[in-house]
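*Asks:* Going down the list, the sequences are from chains R and U. Counted the way this note's numbering counts, the first sequence spans residues 31 to 184. Counted the way this note's numbering counts, the second sequence spans residues 31 to 184. This structure is in structure tokens; I'll ask about it shortly.
Number of protein chains: 2
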Amino acid sequence: MVTPRKRTPPGIQHAPLELEHFLPYRLSILSNTISQGIADDYQQRYDLSMTEWRVMAVLARFEGLSAREVADRTAMDKVAVSRALARLVESGRVSRHMHDDDKRRSVLDLTEAGWAIHDVVAPMARAREAAVLEKLSEEEQVWLGRILDRLQDR
Amino acid sequence: MVTPRKRTPPGIQHAPLELEHFLPYRLSILSNTISQGIADDYQQRYDLSMTEWRVMAVLARFEGLSAREVADRTAMDKVAVSRALARLVESGRVSRHMHDDDKRRSVLDLTEAGWAIHDVVAPMARAREAAVLEKLSEEEQVWLGRILDRLQDR
DNA sequence: TCTTTATAGTTACATGTGAAACCAATTGCA
DNA sequence: TGCAATTGGTTTCACATGTAACTATAAAGA
Chain R
31 MVTPRKRTPP GIQHAPLELE HFLPYRLSIL SNTISQGIAD DYQQRYDLSM
81 TEWRVMAVLA RFEGLSAREV ADRTAMDKVA VSRALARLVE SGRVSRHMHD
131 DDKRRSVLDL TEAGWAIHDV VAPMARAREA AVLEKLSEEE QVWLGRILDR
181 LQDR
Chain U
31 MVTPRKRTPP GIQHAPLELE HFLPYRLSIL SNTISQGIAD DYQQRYDLSM
81 TEWRVMAVLA RFEGLSAREV ADRTAMDKVA VSRALARLVE SGRVSRHMHD
131 DDKRRSVLDL TEAGWAIHDV VAPMARAREA AVLEKLSEEE QVWLGRILDR
181 LQDR
């Protein structure tokens, strides 16, 4: 039997966090649940990690990005991006060329094979998102969007 | 210069995700930003990892939990909990006893040293949460709570 | 009882990850 | 120009993490 802490040692107030109402904790659980759910759809099937998929998703949206730009857009660490790209290029899903004017920079694009995977995975990801949003009323969906906007800018 | 993809190869519709409006992506960024912010407050100062802090937080809230129960309450993997506990016991922040009736089970509690850390870190965590919520109006805060409730139950 | 099955927890292995060091190309500026 | 500082990107190292295998105890069923 588990007893939620009600009394504290004499004279001392501990005030433990109530995790189930603690915003950072709740967000973390929710976010992990959703992202992992999406990853389950493609991970084994395409031997594609979550970071690799994220890279592919931004390359689908923006052509010819550099690795640095991919890192910015995905909010991923540049090392993680470098490694994901190494695998994606190796497996023929992304092409990498040298930038004409700046030889340090790479120019990245999805290949045909990359697009083929994208065109299967993107709809699945969208479906997962829709399934989550379905739990909310129209009104709640609007508020959620607004709230995320507010929380996101610093 | 980066050109957002507008046209697709002739005859093919790719429909890339717009990450900046994609809920799972936005949640992930937000959640990581907030949790990392809190972790920055205690990580170096107490040589305490995020998983260790989470374990401490539930042990502050509920006395005498088993490792299994800690895992359930924190939504962490049991291996992660086992490792966090090993460090916490080692560093004298958590005490571990054997359950009277079931010798497999451990009975976990914060020690004095554990409570001392808790009593510093918990208020900092709360302050971080408050700083996040401050960005929202009263009304938005209420909606957010409601929305998280809805999204969380399966 | 005896045997099977389930549960609590740890260990081992393989992989993922971030920080810092590193190399190469570019830019800023004296 | 030429040299220092910056930037794009990769590699190295140390550590975190998840999966599966494993040990020990308990519960269930014949």
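Backbone N, C-alpha and C define an ideal beta-carbon position, used for all residues, glycine too.
#1: Between which residues of its own chain and R/Ala155 is the CB-CB distance below 6 angstroms, once the five residues before and five after are set aside?
#2: Could one say the Cβ of U/Gln73 lies closer than 8 angstroms to chain R's Cβ atoms, at least one of them?
#3: Across which residues does DSSP place R/Arg126 in a beta bridge pair?
#4: Starting from U/Leu47, find everything on chain R with Cβ-Cβ shorter than 8 angstroms and list it in chain order.
#5: Flag R/Leu115 as yes if its beta-carbon sits less than 8 angstroms from any beta-carbon of chain U, otherwise no.
#6: If we cut at 8 angstroms on Cβ distances, does U/Glu170 have a partner in chain R?
#7: Looking at chain U, is there any beta carbon in it that lies within less than 8 angstroms of the beta carbon of R/Lys108?
#8: With three or more C-beta pairs closer than 8 angstroms as the rule, is the stretch 163-180 of chain R touching the stretch 162-178 of chain U?
#9: Could you please give the first and the last residue of the uninterrupted alpha helix (DSSP H) stretch that includes R/Asp179?
#10: Which whole-angstrom value describes the C-beta separation of U/Val124 and U/Asp102, a residue pair presumed to lie in contact below a C-beta threshold of 8 angstroms?
#11: So, at 6 angstroms on beta carbons, what are the nonlocal neighbours of R/Pro40 in its own chain, with the 5 sequence-adjacent residues on each side left out?
#12: Is R/Leu57 helix, strand or coil by DSSP?
#13: Hey, could you find the ends of the alpha helix (DSSP H) U/Ala114 is sitting in?
#14: With DSSP as the reference, label R/Leu78 as helix, strand or coil.
#15: Anyone know if the C-beta pair for U/Ala116 and U/Lys108 falls short of 8 angstroms?
*Replies:* Quick look at the numbers:
#1: Cβ neighbours of R/Ala155 beyond the five flanking positions: Ile68.
#2: no
#3: R/Leu138
#4: Ala87, Ala90, Arg91, Ala152, Ala155 and Arg156
#5: No, R/Leu115 does not count as interfacial toward chain U.
#6: Proximity of U/Glu170 to chain R, defined by a Cβ-Cβ separation below 8 angstroms, is satisfied.
#7: no
#8: The stretch 162-178 of chain U, when compared against the stretch 163-180 of chain R, does touch it at the 8 angstroms Cβ threshold.
#9: Glu168 to Gln182
#10: With 8 angstroms as the limit, U/Val124 and U/Asp102 do not qualify as a contact, their Cβ atoms being about 17 angstroms apart.
#11: Low confidence applies here, because R/Pro40 scores a pLDDT of 49, under 50, leaving its location unreliable; read the following figure in that light. If we look at R/Pro40 and ignore the five residues flanking it on each side, it has no Cβ neighbours.
#12: Three-state result, R/Leu57: helix.
#13: U/Ala114 -> alpha helix (DSSP H) spans Lys108 to Glu120.
#14: coil
#15: Taking C-beta atoms as the reference points, U/Ala116 and U/Lys108 fail to come closer than 8 angstroms.
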